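S.K.:
In the working numbering, the protein residues as written are 1 to 246.
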């Protein structure tokens with residue numbers, strides 16, 4: 001694996017950080033295309049992206065601490081800000097981003113659903129690119145396998161499922177689906193809710209192959225799969241309801 005791309009003097013450029021930066025830039029670019037099509041100011045996209053990044057990071061960290069090591073959060077609530085220590089979860093990032101988007105939409109007096117539709121393709125594109133960073137960093141890999149798809153990571157030892165690459169492919173397909181139907185869905189919120197359904201359909205089987213999944217205390221149930229199922233059902237109900245009322 002290649003967790004470090006290069007070193008420029010005292011500056012170390014990490015592959016994961018580089019992929020996150022690329023995902024952020026491309027995400028804003030794609031959202032900008034949609035903003036121009038919908039007549040939304042570019043400045044609004046930049047502001048929204050800034051706050052969503054902050055909200056998503058906090059949500060990702062809080063979710064991880066609550067489900068994985070709540071004692072750390074109870075003893076030191078400010079540890080939620082220590083993103084650099086690792087320990088984040090994608091579902092927490094999604095939920096944190098949603099809460100941030102709702103607050104931002106109220107502040108700017110614009111429909112949350114319109115904003116959510118605007119960034120939906122960007123989110124899943126960013127998630128796809130981010131998995132390249134995970135693969136290069138050697139994290140977020142799957143359980144051991146003897147199949148031809150097995151990859152050896154330094155931290156894994158035995159050959160494991162490259163779940164990062166599985167999700168890269170599936171998220172990329174999800175992006176192209178959203179991009180192709182974005183003009184066909186005529187009601188606000190439809191594209192974002194479709195994103196939630198697609199992504200969580202992807203995460204349910206992927207989580208079954210992950211070797212680092214978090215479990216509900218005292219059970220063999222994976223938190224990511226339960227969360228994905230709940231979000232999928234909620235998104236489906238809202239999609240049907242909003243389409244019916246459109």
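No residue lacks a Cβ here, since even glycine has one placed at the ideal position from N, Cα and C. Nothing here was measured: the structure is a model prediction, and the numbers come from that model.
(1) Round the Cβ separation of residue 22 and residue 177 to the nearest angstrom and send it over; I've been treating them as touching at under 8 Å.
(2) Enumerate in chain order the residues of its own chain whose CB-to-CB distance from residue 138 is below 7 Å, with the five nearest sequence positions on each side excluded.
(3) Nearest CA to the CA of residue 159: which residue from 115, 227, 209, 195?
(4) Leaving out five residues on either side along the sequence, give the residues of the same chain with a beta carbon under 8 Å from the beta carbon of residue 57.
(5) Can we say the stretch 134-148 touches the stretch 176-193, given the rule of at least three CB pairs closer than 8 Å?
(6) Within 10 angstroms of its Cβ, does residue 61 collect 16 or more other Cβ (buried), or is it exposed?
(7) Check for me: the alpha helix (DSSP H) holding residue 62 runs from which residue to which?
(8) How big is the Cα-Cα spacing for residue 205 and residue 52?
(9) I need the straight-line Cα distance from residue 228 to residue 76, nearest angstrom please.
(10) Give me the Cα-Cα distance between residue 195 and residue 104, rounded to the nearest whole angstrom.
(11) Going by beta-carbon coordinates alone, are residue 193 and residue 235 separated by less than 8 Å?
(12) On the DSSP letters alone, give me the boundaries of the beta strand (DSSP E) that residue 11 sits inside.
(13) What are the partner residues of residue 6, as DSSP defines its beta bridges?
M.R.: In terms of the structure at hand:
(1) Actually they are not in contact, since the Cβ atoms of residue 22 and residue 177 sit about 22 Å apart, beyond 8 Å.
(2) Cβ-Cβ distances below 7 Å link residue 138 to 1, 3, 153, 154, 155 in the same chain, with the five nearest sequence neighbours on each side left out; the list follows chain order.
(3) Comparing Cα positions, the closest option is 209.
(4) 83, 88, 93, 96, listed in sequence order.
(5) Contact between the stretch 134-148 and the stretch 176-193 is absent, because fewer than three Cβ pairs lie under 8 Å.
(6) So residue 61 ends up on the buried side.
(7) It spans 42-68 - the alpha helix (DSSP H) in which residue 62 sits, taken as one unbroken run.
(8) Going by the C-alpha atoms only, they are around 27 Å apart.
(9) The alpha-carbon of residue 228 is positioned some 28 Å away from that of residue 76.
(10) Residue 195 and residue 104 have their C-alpha atoms roughly 20 Å apart.
(11) Result yes, Cβ atoms of residue 193 and residue 235 sit closer than 8 Å.
(12) Judged by DSSP secondary structure, residue 11 falls within the beta strand (DSSP E) whose first and last residues are 11-14.
(13) 13, per the DSSP bridge assignment.
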